[in-house]
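Be aware that the sequence shown starts at 1, since it is given in the UniProt record's numbering, and climbs by one per residue. Note that CB positions come from ideal geometry on N, CA and C, so glycine has one too. Have a look at the structure below, then the notes.
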Amino acid sequence: MAETVRAERLGFDPTVPNDARIFDYYMGGKDNFAADRKAARHMLDVAPELPLMCREGRRLLSRVVRYLIGAGVRQFIDLGCGLPTMGNVHEVAQAAAPGSRVVYVDNDPVVVRHSQALLEQNDDTVVIEADLRDTRAVLGHPRVEALIDPDLPVAVLLHFTLILVPDDDEAARVVAEYRDAVAPGSYVAIAHSVCDPKPEASAKLAAIYRDTGVVDGPRRGQVRSKAEVESFFDGLRVVDPGIVYIPWWRPDPGESLPGPETVWSVGGVGRVER
Ligand SMILES: C[S@@+](CC[C@H](N)C(=O)[O-])C[C@H]1O[C@@H](n2cnc3c(N)ncnc32)[C@H](O)[C@@H]1O
Numbered sequence: 001m002a003e004t005v006r007a008e009r010l011g012f013d014p015t016v017p018n019d020a021r022i023f024d025y026y027m028g029g030k031d032n033f034a035a036d037r038k039a040a041r042h043m044l045d046v047a048p049e050l051p052l053m054c055r056e057g058r059r060l061l062s063r064v065v066r067y068l069i070g071a072g073v074r075q076f077i078d079l080g081c082g083l084p085t086m087g088n089v090h091e092v093a094q095a096a097a098p099g100s101r102v103v104y105v106d107n108d109p110v111v112v113r114h115s116q117a118l119l120e121q122n123d124d125t126v127v128i129e130a131d132l133r134d135t136r137a138v139l140g141h142p143r144v145e146a147l148i149d150p151d152l153p154v155a156v157l158l159h160f161t162l163i164l165v166p167d168d169d170e171a172a173r174v175v176a177e178y179r180d181a182v183a184p185g186s187y188v189a190i191a192h193s194v195c196d197p198k199p200e201a202s203a204k205l206a207a208i209y210r211d212t213g214v215v216d217g218p219r220r221g222q223v224r225s226k227a228e229v230e231s232f233f234d235g236l237r238v239v240d241p242g243i244v245y246i247p248w249w250r251p252d253p254g255e256s257l258p259g260p261e262t263v264w265s266v267g268g269v270g271r272v273e274r
C-alpha cells in the first residue's frame with residue numbers, strides 16, 4: 001500500500017456540503033443541512049435525473065447482493081456505505097440468507113454514528129469509521145477481523161464510492177489491493193457514474209463537486225468514462241451481463257429500464273479467480 005495514504009477523519013461541518021448527506025437529500029431523507037441542500041439543488045439544475053439515478057443505484061445494489069447470496073457469498077464489506085436508506089446491504093443479505101455478515105465502512109462520522117445507532121442490536125453487522133483507501137486499516141480493523149473469515153469468500157462493494165476517489169491510479173490501486181487481499185471465490189462489485197451519455201452535464205457536476213469541496217483530495221476535471229470504469233475490473237472475471245448501464249444489470253421481472261441518457265451510471269461484478 002502506498003505510504004502516502006492518509007486515513008483522514010472528516011470531522012463534522014454542516015456548512016460544507018457532504019456527499020452522504022446530498023445523497024440522503026436525493027433519496028428523500030432528513031439527514032441533510034442547508035449547505036447540502038444548496039449544493040444538491042445546484043446539481044439538480046444541471047441534472048434533474050439525479051434522484052432517479054440514486055434510486056436505480058439502490059435497486060442495483062439490492063440485485064447485486066441477492067446475486068452474490070445466490071453465488072454462495074455470506075460476507076460483505078460495503079465501502080462508503082452512506083447513510084442508512086432503502087435496501088441496506090444487511091437487510092437484503094440477511095433476508096435472503098440469515099446469518100450473513102456485513103461490515104459497513106464510511107469516513108463520515110455522521111454516517112457511522114447513525115448506522116451504529118441503528119445496528120447495535122445486530123450481531124452479524126458492524127459499522128466502522130475508516131478511509132476505504134486505506135485497505136490495510138479496513139481489513140485489519142479489529143471489528144472486521146472479528147466478523148469476517150479471511151479464508152471464506154467475501155463481497156467487496158464499491159457502490160458509487162470510487163467517484164469520490166478522484167485520482168485514477170489511486171482508485172485502481174484500491175480495487176487491486178482488495179482484490180488481492182480476499183479469498184479466491186470472492187467478488188468485487190463496482191457502480192460508478194460515467195460521462196459518456198452526457199459529457200456536458202457530467203463536466204458541470206464535477207465542477208460543482210470540486211468547487212463546493214464535496215470531493216476531498218486531488219481534484220478531477222470530469223467524471224470517468226465507461227472504459228475507464230471497465231479498467232478497474234482488470235484481473236477479475238466479470239460475470240454476466242458484464243459492465244452495463246445499471247438498470248440493465250440483471251433487472252428483476254417487470255422493472256422499468258430507463259436508458260443511459262437518464263441513468264448514466266454503469267455497474268458490474270467481478271469474481272476473484274487465482
Ligand atoms: C454517493 S455515497 C454512496 C452510498 C452508497 N454506497 C450507495 O451506493 O447508495 C458515497 C459514500 O462514500 C463515502 N466516502 C467517500 N469517500 C470515502 C472514503 N475515502 N472512505 C470511506 N468512505 C468514503 C461518503 O461519506 C458517502 O457516504
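What are the start and end residues of the beta strand (DSSP E) that includes residue i?
i       : result
Val-126 : 125 to 129
Ala-189 : 187 to 193
Arg-274 : Here Arg-274 belongs to no beta strand (DSSP E), and DSSP marks it neither H nor E.
Arg-101 : 101 to 106
Leu-147 : Careful: Leu-147 lies outside any beta strand (DSSP E), inside the alpha helix (DSSP H) at 142 to 147.
Phe-33  : Premise fails: Phe-33 is in no beta strand (DSSP E) and is neither H nor E.
Phe-23  : Taken as a continuous stretch (DSSP letters only), Phe-23 belongs to no beta strand (DSSP E), being part of the alpha helix (DSSP H) at 19 to 26.
Leu-139 : Premise fails: Leu-139 lies in the alpha helix (DSSP H), 135 to 139, not in any beta strand (DSSP E).
Round the Cβ separation of residue i and residue j to the nearest angstrom and send it over; I've been treating them as touching at under 8 angstroms.
i       : j       : result
Ser-265 : Ala-183 : With a Cβ gap of about 29 angstroms, Ser-265 and Ala-183 do not count as contacting.
Leu-52  : Val-263 : 7 angstroms
Arg-133 : Val-165 : 6 angstroms
Please report the straight-line C-alpha distance between residue i and residue j, rounded to a whole angstrom.
i       : j       : result
Lys-30  : Asp-45  : 21 angstroms
Ala-203 : Arg-37  : 20 angstroms
Asp-13  : Leu-83  : 16 angstroms
Arg-205 : His-159 : Just to set this straight, residue 205 is Leu in the shown sequence, not Arg. Each residue's alpha carbon lies about 18 angstroms from the other.
Glu-273 : Ala-176 : 13 angstroms
Pro-218 : Asp-169 : Confidence in Pro-218 is poor, its pLDDT being 42 and thus under 50, which makes the residue's placement unreliable; the coordinate value appears in the next sentence. One C-alpha to the other measures close to 12 angstroms.
Ala-71  : Ala-181 : 20 angstroms
Phe-33  : Ile-208 : 17 angstroms
Gly-242 : Trp-249 : 8 angstroms
Ala-47  : Ala-146 : 42 angstroms
Val-60  : Val-244 : It is worth fixing the name first, because residue 60 is Leu in this sequence and not Val. Distance between the alpha carbons of Leu-60 and Val-244: 11 angstroms.
Ala-155 : Ile-246 : 18 angstroms
Gly-221 : Glu-261 : Caution is warranted here: a pLDDT of 49 is assigned to Gly-221, below 50, making its placement in the model unreliable, and the coordinate value is therefore given only provisionally. Cα-Cα distance, rounded: 21 angstroms.
Ile-148 : Tyr-178 : 14 angstroms
Ser-186 : Gly-268 : 14 angstroms
Glu-120 : His-141 : 18 angstroms
Leu-79  : Thr-15  : 25 angstroms
Leu-162 : Gly-254 : 30 angstroms
Near residue i, what residues of its chain come up, given a Cβ to Cβ distance below 8 angstroms and the 5 sequence neighbours on each side ignored?
i       : result
Ser-225 : Val-194, Cys-195 and Asp-196
Met-99  : The sequence as given places Gly at residue 99; Met does not occur at that position. Contacts found: Arg-74 and Asp-124.
Glu-56  : Ile-246, Pro-247, Pro-258, Val-263 and Ser-265
So which of the options has the shortest CA-CA distance to residue i?
i       : options                               : result
Gly-259 : Ala-227, Ser-231, Val-272 and Lys-198 : Lys-198
Pro-150 : Arg-74, Glu-49 and Gly-70             : Arg-74
Val-126 : Asn-107, Arg-101, Pro-109 and Leu-139 : Arg-101
Cys-54  : Tyr-25, Phe-76 and Val-110            : Tyr-25
Val-112 : Ile-128, Asp-123, Asp-234 and Pro-98  : Ile-128
Ala-189 : Leu-152, Leu-118, Ser-62 and Glu-200  : Ser-62
Leu-157 : Val-244, Trp-249 and Phe-76           : Phe-76
Arg-136 : Asp-108, Arg-173, Gly-254 and Pro-153 : Arg-173
Ala-96  : Ile-69, Asp-167 and Arg-179           : Ile-69
Met-43  : Glu-255, Phe-23 and Gly-28            : Phe-23
Asn-122 : Pro-109, Leu-132, Val-89 and Leu-139  : Val-89
Excluding sequence positions up to five away, which residues of its chain have a Cβ less than 6 angstroms from the Cβ of residue i?
i      : result
Cys-81 : Tyr-104 and Asp-106
Glu-92 : The amino acid occupying residue 92 in the given sequence is Val; Glu does not appear at that position. Excluding sequence neighbours, Val-92 sits near Ser-62 and Val-65.
Pro-17 : Ala-35, Asp-36, Ala-39, Thr-212 and Val-214
Leaving out the 5 sequence neighbours to the left and right, which residues in its chain are closer than 7 angstroms to residue i when beta-carbon positions are compared?
i       : result
His-114 : Asp-31, Leu-83 and Pro-84
Arg-237 : Gly-270, Arg-271 and Glu-273
Leu-257 : Pro-247, Trp-248 and Pro-251
Met-1   : With a pLDDT of 38 at Met-1, under the threshold of 50, the modelled position of that residue is not reliable, and the figure given next carries that caveat. The residues are Thr-135, Arg-136 and Glu-177.
Return the first residue and the last residue of the alpha helix (DSSP H) that residue i is part of.
i           : result
residue 350 : The requested residue 350 is not part of the displayed model; the chain covers only 1 to 274.
Val-92      : 89 to 96
Leu-236     : Leu-236 -> no alpha helix (DSSP H), and no H or E assigned at all.
Ala-47      : Element bounds for Ala-47: n/a, residue is neither H nor E.
Can you tell me whether residue i sits near ligand 2, meaning its C-beta is under 7 angstroms from at least one heavy atom of the ligand?
i      : result
Phe-23 : Although ligand 2 was asked about, the structure shown includes only ligand 1 as ligands.
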